[in-house]
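Report on the following structure.
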Amino acid sequence: MKNLKEYLIPFAGLKLGKHQFDYQVDNSFFEHFGFSDFNSANVKVDIVLEKKSTMLELAFKYKGTVNVFCDLTSEPFDLPIKGKLKLIVKFGEVFNDENEELLILPHGEFQVDVSQYIYEGIVLSVPAKKIHPGVKDGTLESEALKTLEKLAPKEEKEEQENIDPRWAELKKLLTDK
Numbered sequence: 001m002k003n004l005k006e007y008l009i010p011f012a013g014l015k016l017g018k019h020q021f022d023y024q025v026d027n028s029f030f031e032h033f034g035f036s037d038f039n040s041a042n043v044k045v046d047i048v049l050e051k052k053s054t055m056l057e058l059a060f061k062y063k064g065t066v067n068v069f070c071d072l073t074s075e076p077f078d079l080p081i082k083g084k085l086k087l088i089v090k091f092g093e094v095f096n097d098e099n100e101e102l103l104i105l106p107h108g109e110f111q112v113d114v115s116q117y118i119y120e121g122i123v124l125s126v127p128a129k130k131i132h133p134g135v136k137d138g139t140l141e142s143e144a145l146k147t148l149e150k151l152a153p154k155e156e157k158e159e160q161e162n163i164d165p166r167w168a169e170l171k172k173l174l175t176d177k
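Here the sequence shown is numbered in UniProt numbering, starting from 1 and rising by one per residue.
In structure tokens form, the structure reads like this:
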């Protein structure tokens with residue numbers, strides 16, 4: 001995947017201290033990664049880069065909504081997401097991004113690509129099971145929910161009425177403890 005130019009942060013010309021970078025992420029960002037699970041996305045990403053003499057510290061904060069399909073009803077809805085991520089950038093002989101909290105850039109690099117970290121942070125903040133809020137509070141009306149209610153197992157109370165009186169006496173022994 002080619003780098004997204006706007007997500008390359010040139011740190012070589014920055015003074016020591018904290019620097020703020022803001023991004024507005026939408027569906028076109030996820031298309032660059034070949035990710036199509038979101039119907040739409042509107043996420044604000046704030047990155048605070050603290051430049052120190054031997055390393056960089058990046059603090060990511062993201063908050064917004066992604067439009068996804070409910071896993072129960074297949075109804076689209078806006079799912080609020082938010083999250084944080086910390087990343088330390090050090091310098092070494094070769095590029096190494098094996099550790100999720102530590103990035104090693106080769107000496108002489110002058111910029112860091114944050115697009116992969118933004119992508120992973122947002123995608124991983126979406127829960128594995130996406131349920132429409134209307135399903136939880138009972139306000140959503142959909143054909144899928146009506147079908148699920150029809151097919152749900154019914155509780156049978158007839159069993160209670162047809163109990164042999166000898167078993168009823170034995171159950172009393174269990175409850176008399």
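Where is the CB? At the ideal position from N, CA and C, for every residue including glycine. Only a predicted model underlies this, so the values are computations on that prediction, with no experimental measurement involved.
For residue j and residue i, believed in contact at Cβ under 8 Å, the rounded distance
i, j, result
"G64", "V43", "3 Å"
"G45", "V25", "Gly is not the amino acid found at residue 45; the sequence shown has Val there. Contact flag correct, Cβ pair sits at about 6 Å."
"P10", "Q111", "4 Å"
"V126", "L79", "7 Å"
"I88", "L102", "5 Å"
"H132", "E75", "5 Å"
"V12", "N27", "Residue identity check: residue 12 is Ala in the sequence provided, not Val. No, A12 and N27 are not in contact; Cβ-Cβ is about 32 Å, not under 8 Å."
Nearest neighbour of residue i, chosen from the options [CA to CA]
i, options, result
"K146", "T73, A128, L170", "T73"
"V114", "L148, L79, L58", "L58"
"K130", "K5, F38, K15, K154", "F38"
"L148", "K172, D71, L87", "D71"
"I81", "P133, F110, V123", "V123"
"K51", "Y23, L14, A168", "L14"
"E93", "Y119, P106, L87", "P106"
"G108", "T54, E169, E143", "T54"
"F77", "K86, V66, F95, L85", "V66"
"Y23", "A128, S36, K5, F95", "K5"
"F91", "A12, F35, P153, I104", "I104"
"N84", "F69, E98, G121", "Looking at the sequence itself, residue 84 is Lys, so the reference to Asn does not match. Here the closest residue by C-alpha is G121."
"K86", "I163, N96, V68, L56", "L56"
"F35", "A152, V68, F21", "V68"
Within-9 Å CB hit, residue i to chain D
i, result
"E57", "Absent from the structure is chain D; it holds one protein chain and no more."
Beta-bridge partners of residue i, as assigned by DSSP
i, result
"Y23", "V45"
"K61", "D46, K84"
"K90", "I104"
"N39", "None; N39 has no bridge partner."
"residue 188", "Because the chain spans 1 through 177 in this model, residue 188 falls outside it and cannot be assessed."
"G17", "K51"
"I9", "V112"
"P76", "F69"
"L56", "K51, V89"
Open item on the list: Would you call the segment 26–34 in contact with the segment 46–62, where contact means no fewer than 3 C-beta pairs closer than 8 Å?
Closed with: no
Open item on the list: Quick check on the DSSP output: what are the complete alpha helix (DSSP H) runs of length 4 or more inside the segment 96–143, in order along the chain?
Closed with: 115–124, 133–137
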